[in-house]
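So the sequence shown is numbered by this note's numbering: it starts at 308 and just counts up by one. Take a look at the structure set out below.
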Amino acid sequence: MKSDPVTPGKPSQPAKPVSPVTPPKPSQPAKPVSPVTPGKPSQPAKPVSPVTPPKPSQPAKPVSPVTPDQTNQSAKSDQSAKSDYPTTSSQVTSVKSGSASQTATSHNELPQTDESTQRTMTLGGLLLLVMTSLLTFLGGKKRRNQD
């Protein structure tokens with residue numbers, strides 16, 4: 308079964324284009340206003356003179372120490388109790404000063420860091436990054452070609 312082609316009809320007249328509309332004339336811009344001269348600035352307030360601080364008072368005079376001749380009985384018993392204990396402060400300071408000088412002379416330099424390990428790790432990371440990016444680029448290209 309063959310179908311008969313339909314003969315096309317005659318085309319109708321195309322519509323005439325509308326003539327363009329002329330734009331309205333622009334309005335005149337407003338005239339600029341002349342600037343106003345500013346007035347004189349007011350005088351700034353005079354600064355207040357600084358107040359001088361009062362002089363410090365004289366410190367109290369220290370109390371003179373009591374001599375052993377003027378002490379009463381209870382003070383004598385306290386001094387005798389204090390004298391029973393020997394003082395060792397001179398021994399301690401001499402030991403500390405000796406060890407401090409030894410420590411300062413033996414450790415004059417800071418320990419050196421090993422940079423070769425850090426460089427190896429950096430180069431390994433860069434190599435891994437380059438390999439990954441190449442495999443991703445080439446693998447993605449193959450997949451695009453298959454689709």
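All C-beta atoms in this analysis are idealised placements derived from N, C-alpha and C, irrespective of residue type, glycine included.
- In the three-state reduction of the DSSP assignment, S440 falls in the helix class, which pools H, G and I.
- P366 and P360 have their C-alpha atoms some 17 angstroms from each other.
- In the three-state reduction of the DSSP assignment, L434 falls in the helix class.
- The alpha-carbon of V355 is positioned some 18 angstroms away from that of S349.
- If the five residues before and after S341 are omitted, its C-beta is found closer than 6 angstroms to no C-beta atom of its own chain.
- P339 has its alpha-carbon roughly 21 angstroms from the corresponding atom of G346.
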